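As C-alpha cells, the structure follows; a few thoughts come after it.
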Amino acid sequence: MAAIEETRERVADIAGEKYKYGFVTDIEMDLAPKGLSEDVVRMISAKKNEPAWMLEWRLEAYRRWVKMREPNWARVHYPKIDYQDLRYYAAPKSQGERPASLEDVDPKLLETYKKLGIPLSEQKMLAGVAVDAVFDSVSVATTFKQKLTEAGVIFCPISEAVREHPELVKKYLGSVVPVTDNFFATLNSAVFSDGSFVYVPKGVRCPMELSTYFRINASETGQFERTLIIADEGAYVSYLEGCTAPKRDVNQLHAAVVELVALDGAEIKYSTVQNWYPGDEEGKGGIYNFVTKRGDCRGRGSKISWTQVETGSAITWKYPSCILRGDNSVGEFYSIAITNNYQQADTGTKMIHLGKNTRSRIISKGISAGHAQNTYRGLVSVHPKALGARNHTQCDSLLIGGNCGAHTVPYIESRNPSAHIEHEATTSKIGDDQLFYCLSRGIGQEEAVALIVNGFCRDVLQQLPMEFAVEAQKLVGISLEGSVG
Amino acid sequence: MLEIQDLHVRVDGKEILKGLTLSVPTGEVHAVMGPNGSGKSTLSYTLAGREGYEIVSGKILFNGEDLAPLSSDARAARGVFLAMQYPVEIPGVTTINFLKTALNAQRRARNESELDALRVLKLVREKAKALNVPEEMLRRALNVGFSGGEKKRLEVLQMSLFEPKLAVLDETDSGLDIDALRMIAESVNAMRGPSRTMLVITHYQRLLTYIVPNRIHVLASGRIVKSGGPELALVLEEKGYEHLIGEPA
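For the protein sequence lines, the chains are P and U, in the order given. The opening residue of the first sequence carries number 82 in my numbering; numbering runs sequentially from there. The opening residue of the second sequence carries number 1000 in my numbering; numbering runs sequentially from there.
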C-alpha cells in the first residue's frame, strides 16, 4: 500500500508540470472583437484577401449556422458555450504579411515550435517531414516547398490555396463535408481562418510525409482550421497532424473540418496525434474538440485510412469517416482514445458503403482512467447497391481504476443481403497481477501502466508512421500518469 | 544474508504467516517445503512486496536492510527476484521488449547506464541458448499462448538475465516434464555462487534431487516447523508431511 501512496503523492507533486506543452508565447496579437456576426465573417475574409466567392460561401454558412442548434446526442456534458463570448480570429501581429521564407518568421514563434519539438527548420531535412504550422488562426510556415513543387504536389495554407488555386478549392471545398453538415462544421465554414491544403496530382506518390502542427495560443479564442486534401488518380499521400495548446483554466473551443478526396486508385493515409490541453486533475479548463473529419473514396479502388491517437482535450467529439463511393474502395479507422481525470471522449467512425465490393476495417482502443468517460460510437452502413460489402469492427476498452466508464455504441445498418459485417467488442481492466508482475521485475508503476496500455494499443500504433509512433507511445504513458493508485 | 524474523502476514484480513523465522546465509540455497495452504506462496509474494500482503509484525532483512518499506520495483532494483508459479500474460508487449524495459528500469534505479536494444538482444540470446528458448519466443507477446514449460523457462531466463542477489523460486517445478525440469535445474545450479542467496519453494521433493539445497525448512500453518539438511527431503518423500506436522496434507 505504501508504494502506491507514494507514487500517488509524487504524481500529485508533479501534476502541475505534467502537460509540458502548457506554456504561453507572449506575442503581440491581432484579435477580432468578441462575438460572431456578418461583420466578423467579412473581417476574416478581408484579412485573408479572399475573393468574393469565398466570402459569399462563408456568409451563406454563417446565415445557416444562426438557425442551427448545437447537437446534444453525444455522451458528453459541458456547460453551455456562449458563442458571442469567443473570438473568431487571432493572429500574431508580425504575421500581417505572410513571411516569404523561414528567416522572416518571428523568432518567438520559431522558439515556440522548437519547444514543441517540431522539425520546422529545414536543417531537419533528414526527418523527411514537410510541416505546415498553424499558430492560432494563421499558418506560419511551410517547409520543403521546393521539393514538393518539383513533384507537382501542392502543400500550402488553405488561405493561399483560395487565392492561388481557386479552381481546385472551388471544386472540392465542401464537397465532402457540406456547409450544412452539422452545427460545428457550419460554424467552421463561416469562420475558418487557416489550415492546410494538399493536392497530389495524378500518379504521384508524395515524396515525404506531410505534417501540420496546430497550436492554440491566444486565450478566449476559438480555433477553426480547415484542411482539404485531394489525391488525384493513382496518387498517394500520408499526412499527419499534431495538436497542442497552452494550459488555461477556461475552456477553449476547437472546431475543425477535414475533408479528404481520393480519386480512382488513390490512397490517403491521415494520422492524428491529438494532445490538446486536457484540463487539470479536477477537470478545470481544457480544449473542447468538436471536429468533423470525413474522407470520400470517390474513385474506384481508392483507399482512405484514418489513424488517430487522442490523448488530450477536455471533451472530444469526433468521428473521422469514410464514404466508400467507388467500387472496390477501402476505408480504415484505427483509433486510440485515452481519457484520464475528468476527460470525456465520444469518438468513433462512420463507414458508409455505397459502391460494390467496398471494404472497411475499424479497430478502436478506448482507455479510461480516473473519472473519465470514454464512448465509442460508430456507424457501419451498407446501402442497397453495395453488393459484396464487408466490414470488420473490433472495439476494445480498457479500464484503469473503478471510477471511470467505457461505452460502446455501434450502429449497424445493412440494406444489402450480401453484406458481411462483423463486430467484436471486449472490455477489460488492467489486472493487479499484470501490474505486480511488472513491478516485481523492477518496472515502476507509471512505466508499467504505460507498457501494458501500449501493448493493448499495439495494433493501432503499428499503423502510425514510424517517426510518430515513438512520440505516440510516450504520449500514451504521459497521459496516464497518476491513473493507478 | 536473508533474515526473516517472527513474520506475521495478513491477506484479506486473514493471518497466513504466523511467526515465520528463517535465515539464509549469503551464498547458500535453502528450500522451503510444505503442504498446500501452508503459506508458501504468501511467503514468496511477501518477499517480493506484493500489494495486499500486509506485514502485521516481524521483519524481513536482506543484507541488513529492512525490505518492508520498499516497493516491489525498488526491491527488484536491489536484487530481489521472484520466479513466479503463475507467470502473467501481457498482450501486445513482446517478450524481448519486456525484458529490455525491466532490465533498464533496474539499471536506472541503480544509476547504471541503460543498454540499447542491440546489447539487450545479444545478452538475452546468450541466456536463451542455455535454456533452449527459441528466438521466435522472444518476439511473441509476453507469456501469451506459452505452454506451462515455456513460461517457467522464461522465468528462469529472467533470473539469469537480471542476476539477482536474492532469488526466490516459487514452485518452479510445477507443470514441467523431466527434461525441462533438468534443464531448468542446470540453469539454476549454474547461478549458485558465493554472493547469491536462493530460496527454492516447492511442494515436492523432485526438484531437490536436481537442485540440492544446503538446508530444508518445512513450512506448516504459517511457521517453520522443522529444519534440516538435504536428507530431510527424502524423509518427507517417504513419510509425507503428516508424519512431521501431525496433520493430513
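Just so you know, even glycine gets a beta-carbon here, dropped at the ideal spot from N, CA and C. Computed from a prediction, not measured in an experiment: that's the story for all the values here.
The three-state secondary structure of residue 1000 of chain U, taken from DSSP, is coil. Sequence-distant Cβ neighbours of residue 1174 of chain U in its own chain, meaning closer than 6 Å and more than five residues away, are 1147. Rounded to the nearest angstrom, the Cβ distance from residue 337 of chain P to residue 269 of chain P is 7 Å, consistent with a contact under 8 Å.
Contacts with chain P (Cβ-Cβ distance below 7 Å) from the stretch 1065-1078 of chain U involve 1068, 1070, 1071, 1072, 1075 and 1076, listed in chain order. Within a 10 Å sphere around the beta-carbon of residue 398 of chain P sit 16 or more other beta-carbons, which makes this residue buried. At a cut-off of 8 Å between C-beta atoms, residue 1104 of chain U counts as an interface residue with respect to chain P.
In the structure shown, the three-state DSSP call for residue 1240 of chain U is helix. Chain order gives the chain U residues near residue 532 of chain P as 1092 and 1100, where near means a beta carbon separation below 7 Å.
Residue state for residue 159 of chain P is assigned as coil, using DSSP reduced to three classes. For residue 1049 of chain U, the neighbours in chain P by C-beta distance under 7 Å run, in chain order, 517.
With its beta carbon at least 8 Å from every one in chain U, residue 264 of chain P lies outside the interface. In this chain, residue 511 of chain P is not harboured by any alpha helix (DSSP H), its DSSP state being neither H nor E. Pairing residue 383 of chain P with residue 350 of chain P gives a Cβ-Cβ distance that is not under 8 Å.
Apart from sequence neighbours up to five positions away, the residues of its chain that approach residue 271 of chain P with a beta-carbon distance below 6 Å are 122, 139, 142, 143 and 146, ordered along the chain.
Here the alpha carbons of residue 1166 of chain U and residue 390 of chain P stand approximately 41 Å from one another. Within the stretch 145-174 of chain P, contact with chain U at the beta-carbon level (separation under 7 Å) is assigned to no residue. Rounded to the nearest whole angstrom, the C-alpha separation of residue 135 of chain P and residue 120 of chain P is 15 Å. By the rule that beta-carbons nearer than 8 Å mark a contact, residue 1108 of chain U touches chain P. Beta-bridge annotation (DSSP): residue 154 of chain P is not paired with any residue.
Interface residue (Cβ-Cβ distance to chain P less than 8 Å): residue 1189 of chain U is not classified as such. Three or more beta-carbon pairs separated by less than 8 Å are not found between the stretch 349-367 of chain P and the stretch 235-252 of chain P, which leaves the two stretches without contact. Following the DSSP letters along the chain, one finds residue 398 of chain P inside the beta strand (DSSP E) bounded by residues 396-399.
Listed along chain U, no residue sits closer than 8 Å to residue 245 of chain P by beta-carbon distance, the nearest being about 46 Å off.
C-alpha of residue 1222 of chain U to C-alpha of residue 1030 of chain U: approximately 14 Å in a straight line. DSSP places residue 357 of chain P in the coil class of the three-state scheme, outside both helix and strand.
Scanning chain U for C-beta atoms nearer than 8 Å to the C-beta of residue 552 of chain P yields nothing, as the closest lies near 17 Å away. Your pair residue 1094 of chain U and residue 1137 of chain U checks out as a contact, with CB atoms roughly 5 Å apart and the cut at 8 Å.
Residue environment: residue 562 of chain P is assigned as buried (16 or more neighbouring CB atoms within 10 Å of its CB, all protein chains considered). Residue pairing by DSSP places residue 446 of chain P opposite P:417 and P:477 in a beta bridge. Sequence-distant Cβ neighbours of residue 1206 of chain U in its own chain, meaning closer than 6 Å and more than five residues away, are 1172. A direct Cα-to-Cα measurement between residue 1182 of chain U and residue 1150 of chain U gives close to 14 Å. Less than 8 Å divides the Cβ of residue 564 of chain P from the Cβ of residue 482 of chain P.
Residue pairing of residue 402 of chain P in beta bridges, as defined by DSSP: P:375.
One finds nothing in chain P with a Cβ atom closer than 8 Å to the Cβ of residue 1084 of chain U; even the nearest lies about 12 Å away.
Put simply, the CB of residue 561 of chain P is far from chain U, with every gap to its CB atoms at 8 Å or more. In this structure, P:403 is the residue among P:111, P:436 and P:403 with its C-alpha nearest to the C-alpha of residue 258 of chain P.
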